[in-house]
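Residue numbers (my numbering): 104 to 558.
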RNA sequence: GUGUCUGUAGCUUAGGUGGUUAAAGCACUCGCCUGUGGCGCGAGAGAUCACCGGUUCGAGUCCGGUCAGACACCCCA
């Protein structure tokens, strides 16, 4: 049989991995700089932890794990006949995590006694979704999350804005848009147009404005049960364009009677003020009232980052959630806010825009090539000194043809090769070859480390 | 869950309207060159044409099905 990959999963070869690690390292460095501490949680969670947190669609997309042993043994014929949905609780009680936020909330609730609030954690692990794969969408992908729980302070929202900017700049993605909105504004709009509690449906529909246009959005709203008067009242919504400050003014004047909306507007204003006080220059912030995001648990700020010039979904998203821990039975109100970076999409964006720095795929710096046994006696101490100087170096393990060994260096894109034949052994002057320029010169072994480091 | 497209060497692909031993580039192995790669020249190895069935004297090519993948919708990082 010939092996295949599970649909929607990938192998990452050395070249890809060094690029991926560049992304992970960059994001981790920012998270640490902002005072977040690392956390890992298991790949598997109880389905009772996961189900019901992501909406019906999300429940559908959860990978469920069959119980060990004779998982169907206790099923009665009538339970079998009732269909897969009905028997699910009997045959599967675990599932793969769908995101990092819900496991984090579960962790916070379970470890509440040991945590000092506000608690800031970062987490970089794979998540799984039983989605149909397509461009920029995988069934297994990594998220890098940073969340704060235990404070309502809008400083946290401001810090997310700052972190997004820092990460994007350090990755080299200069051309991006950080879209922000506030769930309270959406909720306020729903109240204002006399469709209270329907902000979910409202959000899903207007989120598509960019894609399908105003008319189709209105059609969809009708289908979702919005009355004509509600839809008429909603029309000013589509004029909410312009600079962030302009939109804020328009919203204020439009939603005068909605206290909820005004609170959402005030939150955005305060967040912006804090970002300004920090000193972030030219923030790439856009208030987008149509930004909704599917996840049902957001209650305040909503974030989404899009790379411009690439047709791929958002590369990062997040927001504030007030009630996630209460789903696990805590009476204490713990508000959280966080951001999630999608490593795999960031990779695709950087690859497409050619943004990986030259050294991102760089492995071995020096290949030591002995022509014969005696060359090893010189090569091994050299290897030790190079490594001691922090230079990635390897010795070609076999005594084979020079061509073959140089081909190896080319294949691994090793920039320097040290050739050691009988002449070099005798004189102590080793041949150092720059594989990019082809230049070759002789020098003593202890000069090589400095020569290589000089480039 | 719905739809569209695509499956030919390790990779990328060529193979109008069916017709003998399925073609090329890259990669690989060997040689030109027993101490020098990326360029060149020569040779070699490598394919049950995704799978199963049908039409036909004859199928990589046409038809049906299966499987796999990509893309789009829904939704999402």
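For every residue, glycine included, the Cβ atom is placed at its ideal position computed from N, Cα and C.
Review point. So is residue 213 buried or exposed if we call it buried at 16+ other beta carbons inside 10 Å?
Key: Residue 213 sits at position 110 when you count from the first residue of the first chain. Residue 213 is exposed by the Cβ-count criterion.
Review point. Is it right to say residue 248 is buried, meaning 16 or more other beta carbons lie within 10 angstroms of its own, or is it exposed?
Key: By one-based count along the first chain, residue 248 stands at place 145. By the neighbour-count rule (16 or more Cβ atoms within 10 Å), residue 248 is buried.
Exercise for review: Under 8 Å by Cβ, that's how I've got residue 246 and residue 143 pegged, so tell me the actual separation to the nearest angstrom.
Suggested key: The residue you call residue 246 lines up with position 143 of the first chain. The residue you call residue 143 lines up with position 40 of the first chain. The beta carbons of residue 246 and residue 143 sit about 12 Å from each other, so the pair does not count as a contact at 8 Å.
Check your understanding: For residue 508, which residues of its own chain have a beta-carbon under 7 Å away from its beta-carbon, when the five flanking residues on both sides are left out?
Key -> The residue labelled residue 508 in the question sits at position 405 within the first chain. So the list reads 472 and 499, once near-sequence residues are dropped.
Practice item. Evaluate contact between the segment 224 to 244 and the segment 430 to 438, counting only Cβ atoms and requiring at least three cross-stretch pairs below 8 Å. Key: Segments in contact, no.
Review point. How about residue 392 and residue 386: are their beta carbons less than 8 Å apart?
Key: Looking up residue 392 in the first chain gives position 289. Looking up residue 386 in the first chain gives position 283. The answer is no: Cβ separation not under 8 Å.
Review point. Looking at the unbroken alpha helix (DSSP H) that takes in residue 482, where does it start and where does it end?
Key: Counted from its first residue, the first chain places residue 482 at position 379. Segment 476 to 491, the alpha helix (DSSP H) holding residue 482.
**Study point:** At least three beta-carbon pairs within less than 8 Å, the segment 368 to 384 to the segment 261 to 272
**Key:** Contact between the segment 368 to 384 and the segment 261 to 272 is present, because at least three Cβ pairs lie under 8 Å.
Check your understanding: With contact counted as at least three CB pairs below 8 Å, one residue from each stretch, are the segment 501 to 516 and the segment 549 to 558 in contact?
Key -> Contact between the segment 501 to 516 and the segment 549 to 558 is absent, because fewer than three Cβ pairs lie under 8 Å.
**Study point:** Identity of the residue in 279, 216, 529 and 210 nearest residue 414 by Cα
**Key:** Position 311 of the first chain, counted from the first residue, corresponds to residue 414. Out of 279, 216, 529 and 210, 279 has the C-alpha closest to the C-alpha of residue 414.
Practice item. Could you tell me the distance, in whole angstroms, from the CA atom of residue 307 to the CA atom of residue 270? Key: Working through the first chain from its first residue, we reach residue 307 at position 204. Working through the first chain from its first residue, we reach residue 270 at position 167. Distance from the CA atom of residue 307 to the CA atom of residue 270, rounded to whole angstroms, is 29 Å.
Point to revise | alpha helix (DSSP H) runs contained entirely in the segment 183 to 226, provided each spans 4 or more residues | key: Fully enclosed alpha helix (DSSP H) runs of 4 or longer: 187 to 194 and 204 to 213.
Review point. Cβ of residue 336 within 8 Å of Cβ of residue 288?
Key: Residue mapping note: residue 336 aligns to position 233 of the first chain, counting from 1. Residue mapping note: residue 288 aligns to position 185 of the first chain, counting from 1. Contact annotation: residue 336 and residue 288 have beta-carbon atoms that are not nearer than 8 Å.
Review point. Between residue 200 and residue 206, is the Cβ-Cβ spacing less than 8 Å?
Key: In the first chain, counting from the first residue as 1, residue 200 sits at position 97. In the first chain, counting from the first residue as 1, residue 206 sits at position 103. The answer is yes: Cβ separation under 8 Å.
Practice item. Can you give me the Cβ contacts of residue 485 inside the same chain, cut-off strictly under 7 Å, excluding the 5 residues immediately before and after it? Key: Counting from one through the first chain, the residue named residue 485 turns up at place 382. The residues are 471, 521, 548 and 551.
Point to revise | According to DSSP, residues forming a beta bridge with residue 248 | key: Taking the first residue of the first chain as 1, we reach residue 248 at position 145. According to DSSP, residue 248 bridges with 226 and 443.
Review point. What are the boundary residues of the beta strand (DSSP E) that includes residue 429?
Key: For the purposes of this step, residue 429 is taken as residue 326 along the first chain, with counting starting at 1. Premise fails: residue 429 is in no beta strand (DSSP E) and is neither H nor E.
Review point. CA-CA distance, residue 316 and residue 198?
Key: Your numbering for residue 316 matches position 213 in the first chain. Your numbering for residue 198 matches position 95 in the first chain. Cα-Cα distance, rounded: 38 Å.
Practice item. Mind checking which residues open and close the alpha helix (DSSP H) that includes residue 117? Key: On the first chain, residue 117 is found 14 positions in, with the first residue counted as 1. For residue 117, the enclosing alpha helix (DSSP H) stretches over residues 117 to 136.
Point to revise | Bridge partners - residue 147, DSSP secondary structure assignment | key: For the purposes of this step, residue 147 is identified with residue 44 of the first chain, where counting begins at 1. Residue pairing for residue 147: DSSP places it in a beta bridge opposite 199.
Exercise for review: Could you please give me the residues that DSSP links to residue 520 through a beta bridge?
Suggested key: Numbered from its first residue, the first chain carries residue 520 at position 417. Per DSSP, 470 and 536.
Check your understanding: What is the rounded straight-line gap between the Cα of residue 536 and the Cα of residue 210?
Key -> As a working mapping, residue 536 is identified with position 433 in the first chain. As a working mapping, residue 210 is identified with position 107 in the first chain. One Cα belongs to residue 536, the other to residue 210, and the distance between them is close to 54 Å.
Check your understanding: residue 422 and residue 406: beta carbons closer than 8 Å?
Key -> Reading the first chain from its first residue, position 319 is the one you call residue 422. Reading the first chain from its first residue, position 303 is the one you call residue 406. In this structure, the beta-carbon distance from residue 422 to residue 406 falls below 8 Å.
Check your understanding: Over what stretch of residues does the alpha helix (DSSP H) that includes residue 528 continue unbroken?
Key -> The residue you call residue 528 lines up with position 425 of the first chain. Per DSSP, residue 528 belongs to the alpha helix (DSSP H) from 525 to 530.
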